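Numbering (my numbering), first residue to last: 9 to 305.
Structure representation (structure tokens):
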């Protein structure tokens, strides 16, 4: 059934972007979304030039909130919007003119579903990744207000919706890795987050997890999913992904070994209702729990 507003009024669409130290990306991301009726940027107290860049766009509403996890941050950001539909982007993603046109036509005609999935064209060092399984990357990012929510996970949270989410034809662009200095700290962060999430659900690591799992991930991506056809970029990309898997399980192995010596890991407190992970000593971020404020312009 068509879900167009009464009287033929065009649905309003709000774009949401969450940021932390994204001076390399945020300007291009905003530029690609200026066609939306509203843009809300929720920043986790960036220390680089991200805020200055965002403030240069009068159309953008800039809010700041302590980072409490990807799911928590995106859910909170969606609650700050006023549109009938919400389009969620990360700062390293871009909306293409083709995707823009498809979304506008879809909403003008009256969408039959409450959520839609968008394919992502992944770039590694400015080269498109065409194999290794990442050519099939897709995420639910266009949702009618109130029809979707991110589940209570620190990492790899995919939006849950109240119905099917068909895939749109045109992809967004995802500049996933631009340089090692930009990406390696992220791998380490994700490794600790993934390990903490696994520890709380009872996962432990031994030889199989530390050696076999990352080795198999590399072989699956590089050999069986043909990452080798992406040349040197494919080799480095697949090795980075397998290293992330190795790091998570190696951290879990360390924690298990320390726990046996009477030194259990100091895990963040986890709020099951709010998806809040309270990490101690978060550098450059607001420490007050649950605070949010409009950023000064």
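Virtual Cβ for every residue (Gly too), placed ideally from N, Cα, C. Small disclaimer: the values here were computed from a predicted structure and weren't measured.
> For residue 279, which three-state DSSP category applies?
Replying inline: Annotation note: pLDDT 41 at residue 279 (below 50); position unreliable, no value reported.
>> Let me check understanding here. Comparing Cα to Cα, which of 135, 62, 169, 257 lies closest to residue 121?
In response: 169
>> Using 8 Å as the threshold, is the C-beta distance between residue 145 and residue 161 below it?
In response: no
> Given residue 30, which residues of its chain have a CB within under 6 Å of its CB, disregarding the five upstream and five downstream residues?
Replying inline: 58, 99
>> By the DSSP assignment, the alpha helix (DSSP H) with residue 34 in it spans what residues?
In response: 34-39
> Taking the continuous alpha helix (DSSP H) assigned at residue 72, which residues delimit it?
Replying inline: First-last for residue 72: 68-73, but that is the beta strand (DSSP E), not the alpha helix (DSSP H).
>> Please list the terminal residues of the continuous beta strand (DSSP E) segment that includes residue 96.
In response: 93-98
> Is residue 44 near residue 95, with beta carbons less than 8 Å apart?
Replying inline: yes
>> Closer than 8 Å is the cut-off here; do at least three beta carbon pairs connect the stretch 251-267 with the stretch 196-211?
In response: yes
> Less than 8 Å separating the beta-carbons of residue 85 and residue 48?
Replying inline: yes
> Just checking, does the stretch 136-145 make contact with the stretch 227-242 on the three C-beta pairs under 8 Å criterion?
Replying inline: yes
> Counting along the chain, where does the alpha helix (DSSP H) carrying residue 191 start and finish?
Replying inline: 188-208
>> So the candidates are 147, 192, 181; which of them puts its Cα closest to the Cα of residue 175?
In response: 147
> Applying the criterion that 16 or more other CB atoms from any shown protein chain within 10 Å of the CB defines a buried residue, is residue 206 buried or exposed?
Replying inline: buried
>> Less than 6 Å between C-beta atoms, sequence neighbours within five positions excluded: which residues of the same chain meet that for residue 151?
In response: 94, 123
> Alpha carbon to alpha carbon, how far is residue 259 from residue 203?
Replying inline: 6 Å
> Between 63, 89, 177, 52, which lies nearest to residue 77 when the distance is taken from Cα to Cα?
Replying inline: 52
>> Measuring straight from C-alpha to C-alpha, what distance separates residue 131 and residue 23?
In response: 22 Å
> With a Cβ-Cβ cutoff of 8 Å, do residue 109 and residue 46 count as a contact?
Replying inline: no
> When you compare only the Cα positions, how much space is there between residue 166 and residue 56?
Replying inline: 28 Å
> Enumerated in chain order, which unbroken segments of the beta strand (DSSP E) with a length of 3 residues or greater are wholly contained in the stretch 104-147?
Replying inline: 123-132
> Who are the near neighbours of residue 171 in its chain, counting only those whose CB is closer than 8 Å to its CB and skipping five residues on each side?
Replying inline: 121, 122, 123, 155
>> Applying the 10 Å Cβ sphere with the 16-neighbour rule, what's the burial state of residue 245?
In response: buried
>> Along the chain, where does the beta strand (DSSP E) containing residue 46 start, and where does it finish?
In response: 46-51
>> For a test of the three-state rule: what should DSSP assign to residue 217, helix, strand or coil?
In response: helix
> Can you name the residues that DSSP bridges to residue 181?
Replying inline: 102, 129
> Tell me, which residues are paired with residue 157 by DSSP?
Replying inline: 168
>> Cutting at 6 Å between CB atoms, please list the residues of its own chain near residue 265, excluding the five before and the five after it.
In response: none
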